[in-house]
Amino acid sequence: MRYPLLLLILVIMASTASCVPLKDITYLQENETATDSIVSLQQQQPPYRVQVGDILSIRLKALDQQLVEFFNPSGEDGVSLNEGFYYDGFAIDTHGNIRVPELGEINVLGRTTEEIRDIIEQRLLADYIKDEADLFVTVKLPGIRYTLVGEIGSSGTQNVLAEKVTILEAIANAGGVPITGDLTDVLIIRQYPGGQRVHHIDLTQIDVMQSPYYYIQPNDIITVNPLPQKAIGIGTTGLQAFTTILGLVTTLASVILLATR
Numbered sequence: 181m182r183y184p185l186l187l188l189i190l191v192i193m194a195s196t197a198s199c200v201p202l203k204d205i206t207y208l209q210e211n212e213t214a215t216d217s218i219v220s221l222q223q224q225q226p227p228y229r230v231q232v233g234d235i236l237s238i239r240l241k242a243l244d245q246q247l248v249e250f251f252n253p254s255g256e257d258g259v260s261l262n263e264g265f266y267y268d269g270f271a272i273d274t275h276g277n278i279r280v281p282e283l284g285e286i287n288v289l290g291r292t293t294e295e296i297r298d299i300i301e302q303r304l305l306a307d308y309i310k311d312e313a314d315l316f317v318t319v320k321l322p323g324i325r326y327t328l329v330g331e332i333g334s335s336g337t338q339n340v341l342a343e344k345v346t347i348l349e350a351i352a353n354a355g356g357v358p359i360t361g362d363l364t365d366v367l368i369i370r371q372y373p374g375g376q377r378v379h380h381i382d383l384t385q386i387d388v389m390q391s392p393y394y395y396i397q398p399n400d401i402i403t404v405n406p407l408p409q410k411a412i413g414i415g416t417t418g419l420q421a422f423t424t425i426l427g428l429v430t431t432l433a434s435v436i437l438l439a440t441r
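Structure below.
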């Protein structure tokens, strides 16, 4: 009787150790229990500086609209908003320039949208429009484009038409992270003028909202790695692990009994 009992104890211990702990799959956990938390968000984010491959949406308005009509694309029927940005926007080439009607090439690499707006305004005021009050320029990025890969509901590239997007919103748009995903070490691969950097963020902690990486930026790549339990293949819940290990132990015990007879 001692061998079956020993096997049963081993099965229970292994299944307990292999299942995914609740703390590893719960978002925004508080250090204290049963109290409401007030967490200050990291609202002041460094302004995004445009990079090669970005597409800018530039629109001009003036009292005499004919003066700037050449600048504003008319758009086509049947074209989606994202497609319209792609065809009518101003793409930043490998040299960091955009080609603007009448104004020619303008170097915008590493500049914010506000800085680019000022450059365009100054050129137009110098050559075309004499009164600053007659001109209104808007420069925007056509939404926030990001990519999600790894242990995620629906991996791929998405574009959200918003000024700000949190990493939780980005993950929710992709169907969330399954129980086999590691929330404690989510990777954000972010592009900078000098290259790419990898940042780590723990989505199980409530103070993640104070992280400088809580708000994503255009061209971010968000990677969610699988938990070790998935790689081992013995189940993510206690019942799954118990069933799998019990089957393995039963098979092993049968082989031993047949070999000893």
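Just so we're aligned, residue 181 is where the sequence shown starts under our numbering, counting upward by one. Yeah, the Cβ is synthetic: ideal placement off N, Cα and C, and Gly gets one too.
- Shown here, E301 sits in a helix according to DSSP, grouped into three states.
- Counting only runs that start and end inside the region 297-381, the beta strand (DSSP E) elements of at least 3 residues fall at 315-320, 324-330, 336-340, 366-372, 375-381.
- Between the region 360-368 and the region 282-298 there are fewer than three inter-stretch CB-CB distances shorter than 8 Å, so the stretches are not counted as touching.
- Rounded to the nearest whole angstrom, the C-alpha separation of P373 and I300 is 22 Å.
- Measuring C-alpha to C-alpha distances from G269 to each of V230, G276, L321, L305 identifies L321 as the nearest.
- For G355, the CB contacts under 6 Å within the same chain, skipping 5 residues up- and downstream, are G333, S334 in chain order.
- For T403, the closest of D382, E282, E331, P227 by C-alpha to C-alpha distance is E331.
- Less than 8 Å divides the Cβ of Y326 from the Cβ of I396.
- In chain order, V232 place their CB closer than 8 Å to the CB of T274, counting only its own chain and leaving out the 5 sequence neighbours on each side.
- Excluding its 5 nearest sequence neighbours in each direction, I324 has C-beta neighbours in its own chain below 6 Å: V340, V345, P398, listed in chain order.
- The bridge partners DSSP lists for F270 are L236.
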